[in-house]
Amino acid sequence: MAPFATIYSYPDNFRVKRAKAIASLGGLTIIDFPNYTQGQTNTTPSFLSKFPLGKVPALETHDGFTITEGLSICRFLADSGSKASQLLGRDVHTRARIDEWSVFAEQEIVGHTMPILGMLVLKVTPFHQHRYDWCVGYLEKGLGRLEMALKGDGDGKARRFLVGEEVTLADVMVGGALIRAGNFLMDREMRKGAPSVEGYLRGLLEIPEMGEAFGELALVEERVK
Numbered sequence: 028m029a030p031f032a033t034i035y036s037y038p039d040n041f042r043v044k045r046a047k048a049i050a051s052l053g054g055l056t057i058i059d060f061p062n063y064t065q066g067q068t069n070t071t072p073s074f075l076s077k078f079p080l081g082k083v084p085a086l087e088t089h090d091g092f093t094i095t096e097g098l099s100i101c102r103f104l105a106d107s108g109s110k111a112s113q114l115l116g117r118d119v120h121t122r123a124r125i126d127e128w129s130v131f132a133e134q135e136i137v138g139h140t141m142p143i144l145g146m147l148v149l150k151v152t153p154f155h156q157h158r159y160d161w162c163v164g165y166l167e168k169g170l171g172r173l174e175m176a177l178k179g180d181g182d183g184k185a186r187r188f189l190v191g192e193e194v195t196l197a198d199v200m201v202g203g204a205l206i207r208a209g210n211f212l213m214d215r216e217m218r219k220g221a222p223s224v225e226g227y228l229r230g231l232l233e234i235p236e237m238g239e240a241f242g243e244l245a246l247v248e249e250r251v252k
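Each residue of the sequence shown is one higher than the one before, counting from 28 in this note's numbering.
Shown next, in the form of C-alpha cells:
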C-alpha cells in the first residue's frame, strides 16, 4: 500500500514526531521527503507552489492535498485515520477539551520554549535576559496548570491522559512539546514544581506508536542558560 502522505522537514523536528505519532496511532504511514535541505528545498519554485510561505513541516498526501502548520497537520492526520473519534473526541465537550489542550501546547509550552531554543541552542536570535526570564516564568506557570490536570483538577483522581481514559490528540500535542522542552529547558528544578509530569511523559512513551515516534525520554538536569 502506498504511503498516505509525504512530510517535508529538517531532521529531528518535534512537530514531525507528533505528526508521525498521530499517523501511526490511526494506522497511516507517512514518509519523509528524501534529501530535504532547509533553506534550499523549501525555497524552490516547486515547493513554494504547494506551500507559499516556505514553512515546514509541510504535508502532501498521495492524492495531492497539501497542508502546513503543525497542529493543523496533526488534526488532519487524526481525522484521516482509523481512530479519529478516539483522537479527536466522540462528543462536542470532549472535542472542545482536546482542542483546548492542543492549543495550550502551542501557546503555553511551544510558545515559551522555542524563543529560548533560538537564543541559546540554535543561536539564531540575540540573547535577551528579560525574554529568557519571561519565557521560563510562563513555562513554569503552564507546567503548574498541567500538574493540576494530571492530579485530577481537584477531584482527587490522578489522570494518565489529559482527556478521558485513552490517548488523544491532546496528549500527543502536549507530550511532544514537553519531550522537546525536556531536552534543554525543563530541568530537574522545574520538574520539582510539577512532579507528575515526568511520569505522565514516561507513560505516554510506553504506548508503542508514541515510543517509536519520539524515542527515549531525555531530560536535562540543568536548563540551558
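Note that the Cβ used here is the ideal one computed from N, Cα and C, for glycine as well.
Verify whether the separation of the beta carbon atoms of residue i and residue j is less than 8 Å.
| i | j | result |
| --- | --- | --- |
| Leu-189 | Ala-176 | yes |
| Glu-133 | Gly-169 | no |
| Met-213 | Leu-246 | yes |
| Met-237 | Ala-48 | yes |
| Leu-98 | Gly-53 | no |
| Pro-38 | Thr-56 | no |
| Val-83 | Leu-147 | no |
| Thr-71 | Ala-85 | no |
| Phe-60 | Ile-34 | yes |
| Ala-32 | Thr-88 | yes |
| Ser-129 | Met-217 | no |
| Gly-191 | Thr-121 | yes |
| Thr-140 | Arg-207 | yes |
Along the beta strand (DSSP E) that carries residue i, what are the first and last residues, could you check?
| i | result |
| --- | --- |
| Ala-32 | 32-35 |
| Glu-248 | That residue, Glu-248, is in no beta strand (DSSP E); it is neither H nor E in DSSP. |
| Ala-85 | 85-88 |
| Ile-57 | 57-59 |
Applying the 10 Å Cβ sphere with the 16-neighbour rule, what's the burial state of residue i?
| i | result |
| --- | --- |
| Leu-104 | buried |
| Gly-164 | exposed |
| Lys-44 | buried |
| Asp-90 | exposed |
| Asp-118 | exposed |
| Gly-202 | buried |
| Gly-226 | exposed |
| Leu-144 | buried |
| Ile-58 | exposed |
| Ser-51 | buried |
| Ser-36 | buried |
| Gly-242 | exposed |
| Gly-220 | exposed |
Helix, strand or coil for residue i per DSSP?
| i | result |
| --- | --- |
| Leu-170 | helix |
| Thr-93 | strand |
| Met-213 | coil |
| Leu-231 | helix |
| Gly-183 | coil |
| Glu-192 | coil |
| Pro-142 | helix |
| Ser-109 | coil |
| Gln-65 | coil |
| Leu-149 | coil |
| Ala-204 | helix |
| Phe-103 | helix |
| Leu-80 | coil |
Which residues bound the alpha helix (DSSP H) around residue i?
| i | result |
| --- | --- |
| Ser-73 | 72-77 |
| Glu-127 | 119-131 |
| Ala-48 | 41-52 |
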